[in-house]
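Asks: Residue numbers (this note's numbering), protein chains in the order written: chain F, 221 to 324; chain R, 2 to 170.
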């Protein structure tokens, strides 16, 4: 099955909804809600509240992050916003500002 | 980083504006506006409710909205399109379903820019907003013959569809 890839030359202003995996390399402003995995790749700029099952961030993300499974903030990521997920990892080198809620 | 081809998968829907400096393939749903610098492919199964602007536009899915291309628009077998098409070359394959007005001929850059600013010319709200934002278009309000083409070379004659629209008013 082909997943959705928002390439680096793409900018979206609005809402993305999906039932499959989503990879973002471009820029998205608005809202993202997927039921599958979400990857905000290195070089991507996301200015949106995001929702997904498993969310990995390697690019820049401004907005609240809500994952039903896990959130991984990679080493080069910059995240500003609140993260809510049962499992969260933030790699050494990542920049993060916001609240973390692991539902404990 | 290798740039993967952008694909909007079949189970994804986007509401809003999508702009691409490269190509774009849509298998899912988009509602709003699409502008693509290169080739836009709307695959079979895709549902698009948007005004489209691109260089090459290949359609095999369903589209409701006006389509402008600087090179070619092709409606393939299984395509279902409702809306006006403007491009130097337009191809409609046997089996494609289409309703709307086709305008073949050069789409000059100024006109494309005007169209982009004017968004959907058929939608009065969008038109009103664009006119309010664009002083050139505001001047055109007193000259209804060119009102549907907000930005155009002064020496160029108004395209037939623009004149027709003006008459209808």
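Even for Gly, the Cβ is constructed at its ideal location relative to N, Cα and C.
If we ignore side chains and look at the alpha-carbon of each, how far apart do residue 270 of chain F and residue 286 of chain F end up?
Replies: 6 Å
Asks: Should the stretch 4 to 17 of chain R be regarded as contacting the stretch 29 to 42 of chain R, the criterion being three or more beta carbon pairs within less than 8 Å?
Replies: Verdict: yes, contact present.
Asks: I want to see whether chain R comes within less than 8 Å of residue 229 of chain F, judged by CB atoms only; does it?
Replies: yes
Asks: Can you grab the Cα-Cα spacing for the pair residue 242 of chain F / residue 224 of chain F, in whole Å?
Replies: 5 Å
Asks: Look at residue 304 of chain F and residue 321 of chain F and say whether their C-beta atoms are less than 8 Å apart.
Replies: yes
Asks: Determine the extent of the beta strand (DSSP E) in which residue 54 of chain R is found, giving its start and end residues.
Replies: For residue 54 of chain R, the enclosing beta strand (DSSP E) stretches over residues 48 to 60.
Asks: Kindly indicate which residue of F:302, F:293 and F:244 has the alpha-carbon position closest to the one of residue 309 of chain F.
Replies: F:293
Asks: Select from F:261, F:282, F:262 and F:257 the residue whose C-alpha is nearest the C-alpha of residue 273 of chain F.
Replies: F:257
Asks: Does residue 87 of chain R pass the burial test, meaning 16 or more other C-beta atoms within 10 Å, or should it be called exposed?
Replies: Burial is judged here by how many other beta carbons sit within 10 angstroms of a residue's own beta carbon; residue 87 of chain R has at least 16 and is buried.
Asks: Thinking C-alpha only, which one of R:61, R:83, R:89 and R:82 is nearest residue 71 of chain R?
Replies: R:89
Asks: What residue range is occupied by the uninterrupted beta strand (DSSP E) comprising residue 6 of chain R?
Replies: Note, residue 6 of chain R: premise wrong, no beta strand (DSSP E); not H, not E.
Asks: With distances taken between CB atoms, is the gap from residue 57 of chain R to residue 35 of chain R smaller than 8 Å?
Replies: no
Asks: Given that residue 233 of chain F touches chain R, what residues does it touch there, using C-beta distances under 7 Å?
Replies: 17 and 18
Asks: Spatial neighbours of residue 105 of chain R within its chain, please: C-beta separation below 6 Å, excluding the five flanking residues on both sides.
Replies: 91
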